[in-house]
Amino acid sequence: MPSMRPVLTTHYPSLVAVRWASKKSGGSSKNLGGRSPGKRYGFKKVEGAFVHAGNILATQRLIRWHPGAHVGMGRNKTLYALEDGIVRYTKEVYVPPPRSSESRDVICQLPKGAVLYKTFISVVPTTEVGSFKLVNML
561 MPSMRPVLTT HYPSLVAVRW ASKKSGGSSK NLGGRSPGKR YGFKKVEGAF VHAGNILATQ
621 RLIRWHPGAH VGMGRNKTLY ALEDGIVRYT KEVYVPPPRS SESRDVICQL PKGAVLYKTF
681 ISVVPTTEVG SFKLVNML
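In structure tokens:
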């Protein structure tokens, strides 16, 4: 007599609950560069402007403008006025000294007949008009 075993084959639908995330996962973001504010490099005083001694004339990362007469250069290449006066911008022909690295690297790559210029910022000193004699005596 064959044994009658009960066969447990019940097919209930599986109750698997799928739970979605209530918050987005805070993944890493890699391209966040370029959002920093600008450094505000450039010239600060225009041609013909009156400046006092110590006024900043230009800020720069590389040497774009060179100090001329009565202009100093700080450690971070900032140009500032050494005297009270009027700002002047001039372009002068630049001829690098022979056998220098500039003449080997730069001049060889230029087309024939090209001329190099450097821009200088100078301050033309002005005398004070209408100053009091008592102030000068101190």
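Residues in the sequence shown are numbered consecutively from 561, following the working numbering.
Just so it is clear, CB atoms sit at the ideal spot from N, CA and C, and this is done for glycine as well.
The three-state secondary structure of residue 643, taken from DSSP, is coil. Annotation: residue 593 to residue 653 spans about 39 Å, alpha carbon to alpha carbon.
The beta carbon of residue 667 is closer than 7 Å to those of 656 in its chain, skipping five residues each way along the sequence. In the three-state reduction of the DSSP assignment, residue 623 falls in the coil class. Among the bridge pairs identified by DSSP, residue 650 is matched with 680. Of the residues 682, 645 and 595, the one whose Cα lies closest to the Cα of residue 639 is 682. When only Cα atoms are considered, residue 602 and residue 578 end up about 59 Å apart.
Across the set 636, 600, 642 and 624, the C-alpha of 624 shows the shortest separation from the C-alpha of residue 677. Residue 598 has its alpha-carbon roughly 18 Å from the corresponding atom of residue 616.
Residue 629 and residue 590 have their C-alpha atoms some 48 Å from each other.
Take the alpha-carbon of residue 620 and the one of residue 641: they are about 15 Å apart.
Of the residues 606, 604 and 610, the one whose Cα lies closest to the Cα of residue 645 is 610. Residue 632 is bridged by DSSP to 640.
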